[in-house]
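Asker:
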Amino acid sequence: RINNANVPEEAATAPLRPADTITADVTVRNTLDRVVTGVNATIILNGMNFSSSTSEISIPAGQTRAVTMTGTIPLTLATGEYDAELTIQGRDFNDNTLLQSDIFEFMLTVQQNPADVIITSATVQNTELTCSDSTALSVQLTNRGSNDENDVIVTVTG
C-alpha cells in the first residue's frame, strides 16, 4: 500500500506533489522453511533511497511481518511518472552469506499544481527588538508548481 492505497505491481500511484510524504506499508511473507534475519526494506526513486522506519526484523519460516517506509517527495521532481523499486531483503539463517530478496516495481506519479510557491526557510536577523525598530528578514521560496512565477509577493505582519 502506498499512502493507504493498494498499488498493483508495475502500476502507478495516485498523484503526489513535491514535498508530500510518501508512506509504503508492506506485508512481508517468509516462504522458506527457515528464518530470515535482518530483514529491511528500501524504496529507490530517482536516485533517492527511503529506508524502512522499523529496525531490521527476523521473520520465522512461513510467517509474515509488516514493514513501513516513510519519505518526502523531493521539491525537485517535476510532473511525471517515475520508476520506483521497493526491495525487501534479509539474510538466510542457515547461511548468513546468502541474501534473500524480492523486488516490487511501481510508478510514482508526481503532479505539480500550476502555481504552488512555498516558504522553505525564513530567518530573522534580530529576534528581539529593544531600542531598534528594524531588523532583517531572509526568506527562501521554492516553486514546486509547474509554472514560472515572477510576481510573488511576501507579506510580513506582526
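Residue numbers (our numbering): 2 to 159. Glycine included, every Cβ here is placed at the ideal spot set by N, Cα and C. Fair warning: this is a prediction, and the values are worked out from it, not measured in the lab.
Can G1 and E10 be called in contact, C-beta distance under 9 Å?
Answerer: Given that the chain is displayed from residue 2 to residue 159, the structure contains no residue 1 and the question cannot be resolved.
Asker: Can you tell which of V36, V118 and T80 has the C-alpha that lies nearest to the C-alpha of Q141?
Answerer: Comparing Cα-Cα distances from Q141 to each of V36, V118 and T80, the minimum goes to V118.
Asker: What are the partner residues of F107, as DSSP defines its beta bridges?
Answerer: F107 pairs with A85.
Asker: Can you tell me the Cα-Cα spacing of V37 and T43, whole angstroms?
Answerer: Going by the C-alpha atoms only, they are around 17 Å apart.
Asker: In the DSSP assignment, the beta strand (DSSP E) including R66 goes from what residue to what residue?
Answerer: Here the beta strand (DSSP E) through R66 covers T65 to T73.
Asker: From I154 to P16, what distance separates their C-alpha atoms?
Answerer: Approximately 28 Å between the Cα atoms of the pair.
Asker: For the pair the region 24-35 and the region 92-109, tell me if three or more CB-CB distances fall below 8 Å.
Answerer: Counting Cβ pairs under 8 Å, three or more are found: they touch.
Asker: Within 10 angstroms of its Cβ, does A67 collect 16 or more other Cβ (buried), or is it exposed?
Answerer: With fewer than 16 other Cβ atoms within 10 Å, it is exposed.
Asker: Please report how far the alpha carbon of G81 lies from the alpha carbon of N47, in whole angstroms.
Answerer: In a straight line, the C-alpha of G81 is about 12 Å away from that of N47.
Asker: Give me the Cα-Cα distance between I23 and T121, rounded to the nearest whole angstrom.
Answerer: Roughly 19 Å between the two C-alpha positions.
Asker: Identify, in the order they occur along the chain, each residue of the same chain with its Cβ nearer than 8 Å to the Cβ of Q64, setting aside the five sequence neighbours on each side.
Answerer: If we look at Q64 and ignore the five residues flanking it on each side, its Cβ neighbours are R30 and N31.
Asker: I'd like the list of long-range same chain contacts for A62, defined as Cβ closer than 7 Å, with 5 residues on each side in sequence excluded.
Answerer: Once the five neighbours on either side are set aside, the close Cβ partners of A62 are N31, L33, D34, R35 and V36.
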